[in-house]
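A.B. asks: Before we start, here is the structure in question, set down as structure tokens.
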Amino acid sequence: MSSAAVQPPPPVPTPPPSAAPSAGKGIHSKLYNGMIGAADKFVPAKLRPLWMHPAGPKTIFFWAPVFKWGLVAAGLSDLARPADTISVSGCAALAATGIIWSRYSLVIIPKNYSLFAVNLFVGITQVVQLARAYHYHQSQEKLKQEQPVAQN
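Heads up, the sequence shown is in the numbering used here, so the first residue is 54 and it goes up one at a time.
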């Protein structure tokens, strides 16, 4: 007989926490939970980990960044606007918000990479807008300095 003891099977790892349904009691929460429950049946097995992720489509942590991409689209469409119509204070506020929330989205639990991406792009588009405004104001200052010389 062998003196080696029989090893028990390794413990089964606990699954990651699943996305909980909305805990609200209002009509909107009930409607949302009903839609998610109906869609739950049609999610393929390969997409289940994303679907059940704590920052997945069952949570606000997914949908808020999705809708925030509208700010990126607006910032990109503003690139076609004349530089003299750029609101420096508005762009500065959005750029600061994008940069701050980019950092925050990597510190929170669960890490929300979609929130990071959208905030990074919000910050970048607004920094580009600020650069356009700065360049415009510099060119206007240069024209003002050259104007008296041209009149003499």
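Ideal Cβ positions, reconstructed from N, Cα and C, are used throughout, including at glycine.
Look up Thr150 in the DSSP assignment and say whether it is helix, strand or coil.
C.D. replies: Of the three classes helix, strand and coil, the one that applies to Thr150 here is helix, per DSSP.
A.B. asks: Under the rule that 16 or more other beta-carbon atoms within 10 Å means buried, what is Thr138, buried or exposed?
C.D. replies: Flag for Thr138 reads exposed.
A.B. asks: Terminal residues of the continuous alpha helix (DSSP H) containing Asn86?
C.D. replies: Segment Ile80 to Asp93, the alpha helix (DSSP H) holding Asn86.
A.B. asks: Quick check on DSSP: helix, strand or coil for Gly128?
C.D. replies: Helix, per DSSP.
A.B. asks: DSSP state of Ala58, grouped into three classes?
C.D. replies: In the structure shown, Ala58 sits in coil (DSSP, three-state: anything other than H, G, I, E or B).
A.B. asks: Starting from the C-beta of Tyr189, find all residues in its chain whose C-beta is less than 7 Å away, skip the five residues before and the five after it, and write them out in chain order.
C.D. replies: Result list for Tyr189: Ala136 and Asp137, in chain order.
A.B. asks: Going by alpha carbons, who is nearest to Val242 out of Val59, Leu196, Val171 and Gly87?
C.D. replies: Given a span of 54 to 205 for the chain in the structure shown, any question on residue 242 remains unanswerable.
A.B. asks: Run through DSSP, which three-state label would His106 get?
C.D. replies: Correct three-state label for His106: coil.
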